[in-house]
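>
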């Protein structure tokens, strides 16, 4: 594991699949926020406190993404700086090998998915699909751009669900496809007709 301090409010922690395996943590554990992953998280925070003097003394926000085929990046940001930090982060982020081109959000129930997509801004090039895996719903989104609309969309999605570091290929292999394409449009057309809006 290695810790990178972005600023006094934000850090990135890089952890490999091998390191997860050494701690007896599976990908399923990571995505389901199990007791093992919570323990790992606090170990990471302790390491960050020691290595880069990052003290998590207020509400925080976490985002996990896949950097390469064998490495995860966990971004931890103190909550009051979340929006400003996100804008700066997206402005200076450099492409990495296996760069993230899609977002995956998990929802506890179907109603949360419907509510979330009903509040999303319009993205003309948006691609989306919906999967069911272990009784939870996974919404895959891509082609959302990198501007303020994307930040708004992420804020809405965070309100109803949780971003996870899981690839669509994993869901395609282990999950059940509910809506293979244009999931946002299909859901809005089917369940959110009371509030007319443009579709993707």
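Numbering (my numbering), first residue to last: 236 to 435.
No residue lacks a Cβ here, since even glycine has one placed at the ideal position from N, Cα and C.
What are the partner residues of residue 242, as DSSP defines its beta bridges?
Paired residues: 245.
> Which same chain residues, not among the five before or five after residue 416, have their C-beta less than 8 Å away from its C-beta?
So the list reads 362, 363 and 364, once near-sequence residues are dropped.
> Where do the N-terminal and C-terminal ends of the alpha helix (DSSP H) with residue 271 fall, by residue?
First-last of the alpha helix (DSSP H) with residue 271: 270 to 287.
> Residue 248 to residue 309, Cα distance in whole Å?
Taking the straight line from one Cα to the other gives about 5 Å.
> Give me the Cα-Cα distance between residue 412 and residue 371, rounded to the nearest whole angstrom.
Whole-angstrom Cα-Cα distance: 12 Å.
> Which same chain residues, not among the five before or five after residue 347, have their C-beta less than 7 Å away from its C-beta?
If we look at residue 347 and ignore the five residues flanking it on each side, its Cβ neighbours are 395 and 396.
> Do the segment 283 to 297 and the segment 338 to 354 meet, that is, are 3 or more Cβ pairs less than 8 Å apart?
Counting Cβ pairs under 8 Å, fewer than three are found: no touch.
> In whole angstroms, give me the CA-to-CA distance for residue 380 and residue 357.
Distance between the alpha carbons of residue 380 and residue 357: 11 Å.
> Per DSSP, what are the beta-bridge partners of residue 313 in this structure?
Its beta-bridge partners are 295.
> Using 8 Å as the threshold, is the C-beta distance between residue 312 and residue 279 below it?
For residue 312 and residue 279, no; Cβs fall outside 8 Å.
> Under three-state DSSP, which class holds residue 411?
It is a strand residue.
> Please state the DSSP three-state secondary structure of residue 355.
Reduced to three states, the DSSP call for residue 355 is coil.
> Could you name the residues of the same chain whose beta carbon sits closer than 6 Å to that of residue 305, not counting the 5 residues immediately before and after it, in chain order?
Excluding sequence neighbours, residue 305 sits near 251 and 252.
> Quick check on the burial criterion: 16 or more other C-beta atoms within 10 angstroms. Buried or exposed for residue 390?
Exposed, because fewer than 16 other Cβ atoms sit within 10 Å of the Cβ of residue 390.
> By the 10 Å Cβ neighbour count, where 16 or more other Cβ atoms means buried, how is residue 320 classified, buried or exposed?
Summary for residue 320: the model assigns pLDDT 48, below 50, so the residue's position carries little reliability; its value from the coordinates is reported in the next sentence. The residue in question, residue 320, is buried, as its Cβ has 16 or more Cβ neighbours within 10 Å.
> Can you give me the Cβ contacts of residue 427 inside the same chain, cut-off strictly under 8 Å, excluding the 5 residues immediately before and after it?
The residues are 349, 352 and 353.
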